[in-house]
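What follows is one structure encoded as structure tokens, with my remarks underneath.
Protein chains in written order, with this note's numbering: chain A, 258 to 645; chain B, 19 to 112.
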């Protein structure tokens, strides 16, 4: 079915179609509307979900963990400071291998207080062992949630998944999207299989025991392995989803990369802007391509190396900064993945607190990369795009 | 007990065997060891009542020994004994 939905209503609609056992939520801009719409579905009896209105995001995630360990399919949604307040329990969810799916409407962190988009919230949670997927538009945000259920629950993975989308840019933008039927969604995600559920009282289990120097390290090593196995799972589920919908997904989505000599790498809605800029620069004869980084965790290091080796210059767009580090989080990892390759990688930190990123700015970045490719010289490896 | 590698253990420290605390020999923690003098003991069972673990072994209403696998050496038994029948000694001293 073709519908016109805002990002928030698309999230609520996808969740309605998943029909999770438990949703525990706390409102925060810009995702409040998504949960209000989902609460409507609960009130109207369109879903079987037990909706828990928690007293904070820390409590909301804690409820999600309890419900997940009890043996339910669990979802939630948050943003910004809400994600930050979940901090402690994000790790608990991942370490207890709870396949929770959480939508995050990316928003800047305080202070000063700001409600608009950047990726500081998600990037802050990058080491929490959650799988992180970013959407370019509302269609992808919808598609990602449905795939995320399968990825999280896959027996080789069993990790929570965070589906990210840009606050306001996507959450409050109404776009045309194709949605599946409820039955198609149910068929795709399948029945939830609980593993060692707490409510199986005939087979009692203990979650979260004291785990000191004798075993903690082994349990962390297992999480590394789950992330390694997730590469293949994300790819295969992305392909399978393509067979149902005609929209296939991968870790990385290249555009005009076949004969490219320079590249721009971006995630989230900026990849849409960058695609238009790449197309415009191609018409001027610049051999430039775009790499959309759809999945940040697990970080597609091998795929990136394959895609970017032989480039003369690569511009990495970061919508958050890591203060005191050498560049933003995406830059550090892309550069690290390209270790040993003769590629100049340049960082552009942009759009903090929702500052717009325009086509002409990305075109300027591409022009800069052409200069780097011609001269072999980089003026500055870390640049702030659009700051006064 | 041989410690398992990461490929062999269940995720997240999950424990699927109920009643497994018996496998954890907490007696390792002890620095003070209770030594019971059978001659002074009247089997009043004050130590058995007060022991925070279950380290006082009793059979047919009589104290038959102390379970050093689980006794952490807290000394409560020695303190409550009305007949000074339990003496705390430095571990390794006796």
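Virtual Cβ for every residue (Gly too), placed ideally from N, Cα, C. Note that this is a predicted model, so its numbers are computed, not measured.
message = Under DSSP, the beta strand (DSSP E) around residue 422 (chain A) begins and ends at which residues?
response = As a working note, residue 422 (chain A) is residue 165 in the first chain. Here the beta strand (DSSP E) through residue 422 (chain A) covers 418-423.
ask   = Just to confirm, are residue 101 (chain B) and residue 69 (chain B) a CB contact at a threshold of 9 angstroms?
value = Within the second chain, numbered from 1, the residue matching residue 101 (chain B) stands at position 83. Within the second chain, numbered from 1, the residue matching residue 69 (chain B) stands at position 51. Not closer than 9 angstroms, so no.
inquiry  = Below 8 angstroms on the Cβ atoms is my contact criterion, and I expect residue 634 (chain A) with residue 598 (chain A) to pass it. Report the Cβ-Cβ distance as a whole number of Å.
reply    = Along the first chain, read from residue 1 onward, the residue named residue 634 (chain A) stands at position 377. Along the first chain, read from residue 1 onward, the residue named residue 598 (chain A) stands at position 341. The pair is not a contact, with the Cβ atoms about 18 angstroms apart (cut-off 8 angstroms).
message = By alpha-carbon positions, which one of A:580, A:596, A:581 and A:575 ends up nearest to residue 587 (chain A)?
response = Taking the first residue of the first chain as 1, we reach residue 587 (chain A) at position 330. Of the candidates A:580, A:596, A:581 and A:575, the one whose C-alpha sits nearest the C-alpha of residue 587 (chain A) is A:575.
query = Three-state secondary structure (DSSP) at residue 79 (chain B)?
reply = Indexing the second chain from 1 puts residue 79 (chain B) at position 61. The answer is coil: DSSP assigns residue 79 (chain B) none of H, G, I, E or B.
task = May I ask you to list the residues that DSSP assigns as paired with residue 333 (chain A)?
result = For the purposes of this step, residue 333 (chain A) is taken as residue 76 along the first chain, with counting starting at 1. Residue pairing by DSSP places residue 333 (chain A) opposite A:359 in a beta bridge.
message = Residues in the same chain with beta-carbon distance under 7 angstroms from residue 638 (chain A), minus the five sequence neighbours each way, listed in chain order, please.
response = If you number the first chain from 1, residue 638 (chain A) lands on position 381. Counting only Cβ-Cβ distances below 7 angstroms, and skipping sequence neighbours, we find 584, 603 and 604.
query = Can you give the Cα-Cα distance for residue 39 (chain B) and residue 470 (chain A), rounded to whole angstroms?
reply = The residue labelled residue 39 (chain B) in the question sits at position 21 within the second chain. The residue labelled residue 470 (chain A) in the question sits at position 213 within the first chain. So the alpha carbons of these two residues sit roughly 18 angstroms apart.
query = Taking Cβ-Cβ distances shorter than 9 angstroms, what residues in chain B pair up with residue 464 (chain A)?
reply = Looking up residue 464 (chain A) in the first chain gives position 207. The contacting residues are 30, 31, 32 and 33.
message = Check whether chain A comes within 9 angstroms of residue 36 (chain B), counting only Cβ atoms and requiring the distance to be less than that.
response = Start at 1 with the first residue of the second chain, and residue 36 (chain B) comes out as number 18. Residue 36 (chain B) counts as touching chain A.
request  = Please check if any C-beta of chain A sits within less than 9 angstroms of the C-beta of residue 80 (chain B).
outcome  = Position 62 of the second chain holds residue 80 (chain B). Interface flag for residue 80 (chain B) against chain A is unset, since no Cβ pair is found closer than 9 angstroms.
ask   = Looking only at its own chain, which residues have a Cβ that is under 7 angstroms from the Cβ of residue 486 (chain A), when we skip the five neighbours before and after it?
value = In the first chain, counting from the first residue as 1, residue 486 (chain A) sits at position 229. Result list for residue 486 (chain A): 413 and 414, in chain order.
request  = Taking residue 623 (chain A) and residue 519 (chain A) to be in contact with their CB atoms under 8 angstroms, please state how far apart those CB atoms are, rounded to whole angstroms.
outcome  = Here residue 623 (chain A) corresponds to residue number 366 of the first chain, with the count starting at 1. Here residue 519 (chain A) corresponds to residue number 262 of the first chain, with the count starting at 1. Contact holds; Cβ gap of about 7 angstroms.
inquiry  = Strictly below 8 angstroms CB to CB, what residues from chain A border residue 66 (chain B)?
reply    = By one-based count along the second chain, residue 66 (chain B) stands at place 48. Within chain A, no residue comes near residue 66 (chain B); the closest Cβ sits about 28 angstroms away, beyond 8 angstroms.
ask   = Starting from residue 67 (chain B) and walking both ways along the beta strand (DSSP E), at which residues does that stretch end?
value = Looking up residue 67 (chain B) in the second chain gives position 49. It is not in any beta strand (DSSP E) - residue 67 (chain B) instead sits in the alpha helix (DSSP H) that spans 64-68.
Residue 428 (chain A) and residue 419 (chain A) closer than 9 angstroms at C-beta = For this step, residue 428 (chain A) is matched to residue 171 along the first chain. For this step, residue 419 (chain A) is matched to residue 162 along the first chain. Cβ distance not < 9 angstroms, so residue 428 (chain A) and residue 419 (chain A) don't count as in contact.
key: Close Cβ partners of residue 601 (chain A) (< 6 angstroms) along its chain, the five nearest in sequence each way excluded   = As a working note, residue 601 (chain A) is residue 344 in the first chain. Excluding residues within five positions, the ones whose Cβ falls inside 6 angstroms are 570, 629 and 635.
query = Should the region 337-344 of chain A be regarded as contacting the region 360-380 of chain A, the criterion being three or more beta carbon pairs within less than 8 angstroms?
reply = Yes, the region 337-344 of chain A is in contact with the region 360-380 of chain A.
task = Give a yes or no on whether 9 angstroms exceeds the smallest Cβ distance from residue 47 (chain B) to chain A.
result = As a position in the second chain, residue 47 (chain B) is number 29, starting the count at 1. No, no contact with chain A.
task = Give the straight-line distance between the Cα atoms of residue 540 (chain A) and residue 32 (chain B), rounded to the nearest whole angstrom.
result = Taking the first chain and counting its residues from 1, the one referred to as residue 540 (chain A) is at position 283. Taking the second chain and counting its residues from 1, the one referred to as residue 32 (chain B) is at position 14. Straight-line measurement puts the Cα of residue 32 (chain B) at about 58 angstroms from the Cα of residue 540 (chain A).
request  = Verify the CB distance criterion: does residue 460 (chain A) have a CB-CB separation below 9 angstroms to chain B?
outcome  = For the purposes of this step, residue 460 (chain A) is taken as the residue at position 203 of the first chain. Chain B, which has a Cβ nearer than 9 angstroms to the Cβ of residue 460 (chain A), makes this yes.
message = Within 9 angstroms of any Cβ in chain A, is that where the Cβ of residue 90 (chain B) sits?
response = As a position in the second chain, residue 90 (chain B) is number 72, starting the count at 1. Not one chain A Cβ lies under 9 angstroms of residue 90 (chain B).
request  = Run through the region 344-394 of chain A for me and flag every whole alpha helix (DSSP H) of 4 or more residues, listed as ranges in chain order.
outcome  = Fully contained in the region 344-394 of chain A are the following alpha helix (DSSP H) runs of length 4 or more, in chain order: 344-352 and 377-381.
message = On the DSSP letters alone, give me the boundaries of the beta strand (DSSP E) that residue 552 (chain A) sits inside.
response = Counting from 1 along the first chain, the entry for residue 552 (chain A) is found at position 295. It spans 552-554 - the beta strand (DSSP E) in which residue 552 (chain A) sits, taken as one unbroken run.
key: Terminal residues of the alpha helix (DSSP H) in which residue 491 (chain A) lies   = As a position in the first chain, residue 491 (chain A) is number 234, starting the count at 1. From DSSP, the alpha helix (DSSP H) with residue 491 (chain A) extends over 473-502.
query = Going by C-alpha distance, which of A:298, A:383, A:374 and A:417 is nearest residue 332 (chain A)?
reply = As a position in the first chain, residue 332 (chain A) is number 75, starting the count at 1. Comparing Cα-Cα distances from residue 332 (chain A) to each of A:298, A:383, A:374 and A:417, the minimum goes to A:417.
query = With distances taken from CA atoms, which of A:483, A:269 and A:319 is nearest residue 25 (chain B)?
reply = The sequence position of residue 25 (chain B) within the second chain is 7, counting from 1. Here the closest residue by C-alpha is A:483.
inquiry  = Please classify residue 642 (chain A) as buried or exposed, where buried requires at least 16 neighbouring CB atoms within 10 angstroms.
reply    = In the first chain, counting from the first residue as 1, residue 642 (chain A) sits at position 385. Around the beta-carbon of residue 642 (chain A), 16 or more other beta-carbon atoms lie within 10 Å, marking it buried.
request  = Give a yes or no on whether the minimum CB-CB distance between residue 83 (chain B) and chain A is below 9 angstroms.
outcome  = For the purposes of this step, residue 83 (chain B) is taken as residue 65 along the second chain, with counting starting at 1. No, residue 83 (chain B) does not count as interfacial toward chain A.
inquiry  = Using only the alpha-carbon positions, how far apart do residue 433 (chain A) and residue 398 (chain A) sit?
reply    = For the purposes of this step, residue 433 (chain A) is taken as residue 176 along the first chain, with counting starting at 1. For the purposes of this step, residue 398 (chain A) is taken as residue 141 along the first chain, with counting starting at 1. Their Cα atoms are separated by approximately 12 angstroms.
key: Option nearest residue 477 (chain A) by Cα separation, candidates A:620, A:268, A:558 and A:352   = By one-based count along the first chain, residue 477 (chain A) stands at place 220. The residue with the shortest Cα to Cα distance from residue 477 (chain A) is A:352.
request  = In angstroms with no decimal places, state the Cα-to-Cα distance between residue 96 (chain B) and residue 107 (chain B).
outcome  = Against the second chain, residue 96 (chain B) aligns to sequence position 78. Against the second chain, residue 107 (chain B) aligns to sequence position 89. Cα to Cα, residue 96 (chain B) sits roughly 10 angstroms from residue 107 (chain B).
ask   = Within the 9 angstroms Cβ cut-off, does residue 20 (chain B) reach chain A?
value = Locating residue 20 (chain B) in the second chain gives position 2, counting from the first residue. No - not a single Cβ of chain A is within 9 angstroms of the one on residue 20 (chain B).
message = Quick check: what's the CA-CA separation for residue 513 (chain A) versus residue 411 (chain A)?
response = Translated into the one-based positions of the first chain, residue 513 (chain A) becomes position 256. Translated into the one-based positions of the first chain, residue 411 (chain A) becomes position 154. Taking the straight line from one Cα to the other gives about 33 angstroms.
key: DSSP-derived helix/strand/coil call for residue 542 (chain A)   = Reading the first chain from its first residue, position 285 is the one you call residue 542 (chain A). In this structure, residue 542 (chain A) counts as coil in the three-state DSSP scheme.
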